[in-house]
Amino acid sequence: MKEVFETSSIIEQLEDLKLNALQELEGTNSVKELESWRVRYLGKKSHLTEVLRSLATLPLEERRAVGAFANEVKTYLEKSLDKKRQVLYEAQLISTAKEEYIDVTLPGRAFPVGRLHPITQTLYEICDIFVSMGFQVVEGPEVEWDYYNFEALNIPEEHPARDTMATLWVDFQTDSGDRPMLLRTHTTSVTARIIETMKPPIRVIEPGKVYRYEASDATHTPMFYQIDGLVVDEGITMADLKGTLYEFARRFFGEDRKVRFRCDYFPFVEPGAEMAIACLTCGGKGCRLCGNSGWIEILGAGMTHPQVLQRGGLDPEVYSSFAFGMGIDRLPMLRYGIDDTRLFYSNDLRFLRQF
Ligand code: DAH
1 MKEVFETSSI
11 IEQLEDLKLN
21 ALQELEGTNS
31 VKELESWRVR
41 YLGKKSHLTE
51 VLRSLATLPL
61 EERRAVGAFA
71 NEVKTYLEKS
81 LDKKRQVLYE
91 AQLISTAKEE
101 YIDVTLPGRA
111 FPVGRLHPIT
121 QTLYEICDIF
131 VSMGFQVVEG
141 PEVEWDYYNF
151 EALNIPEEHP
161 ARDTMATLWV
171 DFQTDSGDRP
181 MLLRTHTTSV
191 TARIIETMKP
201 PIRVIEPGKV
211 YRYEASDATH
221 TPMFYQIDGL
231 VVDEGITMAD
241 LKGTLYEFAR
251 RFFGEDRKVR
261 FRCDYFPFVE
271 PGAEMAIACL
281 TCGGKGCRLC
291 GNSGWIEILG
301 AGMTHPQVLQ
311 RGGLDPEVYS
321 SFAFGMGIDR
331 LPMLRYGIDD
341 TRLFYSNDLR
351 FLRQF
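In this note's numbering, the protein residues as written are 1 to 355.
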């Protein structure tokens, strides 16, 4: 009797245990809770494991009955655990998907793209044209000796040409006494340096900033850009000058743009010339932009003065040379119809982004 009672009591206990376990399992909501449930009901120290371990002490008959039932409970709980684990896993996936949702179809964050200043673009374009004709790009200092800016270019101290280029002087003393310094008023100063330092054949262009002591208005700024050019070799003639500058004008302003050469005076060339193109607005008829002349002056040029070559150490009996110089700011103004040069230097992105 006693044994029967014991057996049925163990089975009852196991049934209770199963019921409790399933009820608690129902209430678990996380992987952590699930694990503590597993330890409690299926772990090494759980009641069920104890029952299974004590089976050996029972008589054979009981061992069969209790053993079979205990194993059934164990298998049932294990299956339920697996099912619950799956349910929790899926719920976890759904909530992660909701919380960490990334809309891969959203447009990316746009990075602002930089661009070159319209004057830099123009400068590069001009350099490219001359480089393709075999010229080399060189640069010189912006703070310059009076000598290279004026003296070496046939502009001595009392020369009236100095008045046409209001100069910003730099206060500077050297051991050897005063050697006046200035902010270069034209890139022709680089021409003077190149004649002194390079050996012919020379074919260079010299882009850079220049400075004049002038108030700003729609057509003037105290700093602007120029490019000078210099060619020195034996047998260079005015025809080389014209051919080179025609080719430049054709490439920069277009095949059909009319070009005109006229005499002009610059102290460092003889003869001197100016090159003009047919007005981009009226095509030559005359309008406000070209002062009713139909032409727009683009550059100064000429055959380098023998004295300038000589001063730089080149024998004018052996070598001849042509030179030219032009302002850059005017070119994008003409091309895009910009009527105020100050816009280039005001750093207004609404303006600059257009180019
Ligand atoms: N330097 C002159 C200016 O700023 C322009 C110029 C004229 C440059 C004739 C030259 C040249 O090289 O040959 O007005």
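Note that the Cβ used here is the ideal one computed from N, Cα and C, for glycine as well.
Note that the structure is predicted; figures quoted are calculated from it, not measured.
beta-carbon Phe-266 near ligand 1 non-hydrogen atom, thresh 7 Å: Phe-266: yes, Cβ under 7 Å from ligand 1.
Euclidean distance between Cα positions of Val-31 and Gly-114: Rounded to whole angstroms, Val-31 and Gly-114 show a C-alpha spacing of 52 Å.
Nearest residue (CA-CA) to Thr-49, options Glu-78, Glu-24 and Leu-352: Residue nearest to Thr-49 within the set Glu-78, Glu-24 and Leu-352 is Glu-78 (criterion: CA-CA distance).
Inter-stretch contact (C-beta, 8 Å, three-pair minimum) for the segment 162 to 172 and the segment 230 to 243: They do not touch, by the three-pair rule.
For Tyr-76, three-class secondary structure by DSSP: Looking at Tyr-76 - three-state DSSP - the assignment turns out to be helix.
Residue range of the unbroken alpha helix (DSSP H) whose run includes Val-308: Run containing Val-308: 306 to 311, per the alpha helix (DSSP H) assignment.
Test: Ala-276 CB closer than 8 Å to a CB of chain D: This model lacks chain D altogether; it includes just one protein chain.
Residue span of the alpha helix (DSSP H) that contains Tyr-246, given as start and end: Start and end: 238 to 253.
Bounding residues of the beta strand (DSSP E) (the contiguous stretch that carries Ser-30): For Ser-30, there is no enclosing beta strand (DSSP E), as DSSP marks it with neither H nor E.
Gln-136 (DSSP reduced to helix, strand or coil): Looking at Gln-136 - three-state DSSP - the assignment turns out to be strand.
Helix, strand or coil at His-47 according to DSSP, with G and I counted as helix: Helix.
Residue from Val-104, Leu-334, Ile-155 and Arg-162 whose Cα sits closest to the Cα of Phe-360: As shown, the chain starts at 1 and ends at 355. That puts residue 360 outside it, with no answer to give.
Among Asn-149, Ile-129 and Phe-172, the one whose alpha carbon lies nearest that of Val-210: Residue Asn-149 is the option with its Cα nearest to Val-210.
Gln-226 in three-state terms, based on DSSP: Correct three-state label for Gln-226: strand.
6 Å Cβ shell around Met-198 - same chain, five flanking residues per side excluded: Hits under 6 Å: none found.
Gly-272 beta carbon near ligand 1 (any heavy atom closer than 7 Å): Gly-272 Cβ: within cutoff of ligand 1.
Per-residue DSSP class, three states only, for Ser-293: The three-state secondary structure of Ser-293, taken from DSSP, is coil.
Beta-bridge partners of Ser-321, as assigned by DSSP: DSSP lists Val-232 as partners of Ser-321.
The segment 222 to 232 touching the segment 200 to 208, judged by at least three CB pairs closer than 8 Å: Because the criterion of three Cβ pairs below 8 Å is met, the segment 222 to 232 and the segment 200 to 208 touch.
Heavy atom of ligand 1 within 7 Å of Thr-219 beta-carbon: False, no ligand heavy atom lies under 7 Å from that Cβ.
Burial state of Tyr-213 (16 or more Cβ within 10 Å): By the 10 Å Cβ count, Tyr-213 comes out exposed.
Collapsed DSSP secondary structure at Arg-11 in the structure displayed: It is worth fixing the name first, because residue 11 is Ile in this sequence and not Arg. Reduced to three states, the DSSP call for Ile-11 is helix.
Sub-8 Å separation of Gly-286 and Asn-292 beta-carbons: Going by C-beta atoms, Gly-286 is nearer than 8 Å to Asn-292.
Closer than 7 Å: Ala-301 CB and nearest ligand 1 heavy atom: Yes, the Cβ of Ala-301 comes within 7 Å of a heavy atom of ligand 1.
Exposure of Arg-330, with buried meaning 16 or more beta-carbon neighbours within 10 Å: Label assigned to Arg-330: buried.
Residues bridged to Pro-207 [DSSP beta-bridge criterion]: Ile-227.
Check: Ala-323 C-beta below 7 Å from any heavy atom of ligand 1: Taking 7 Å as the cut-off, the C-beta of Ala-323 counts as close to a heavy atom of ligand 1.
Where Phe-344 sits in the DSSP three-state scheme: Note: Phe-344 maps to helix in three-state DSSP.
Closer than 7 Å: His-159 CB and nearest ligand 1 heavy atom: No; taking the cut-off as 7 Å, the Cβ of His-159 has no heavy atom of ligand 1 nearer than that.
Neighbourhood of Met-326 by C-beta distance below 7 Å, restricted to the same chain and skipping five residues each side: Cβ-Cβ distances below 7 Å link Met-326 to Gln-226, Ile-227, Ile-298 and Leu-299 in the same chain, with the five nearest sequence neighbours on each side left out; the list follows chain order.
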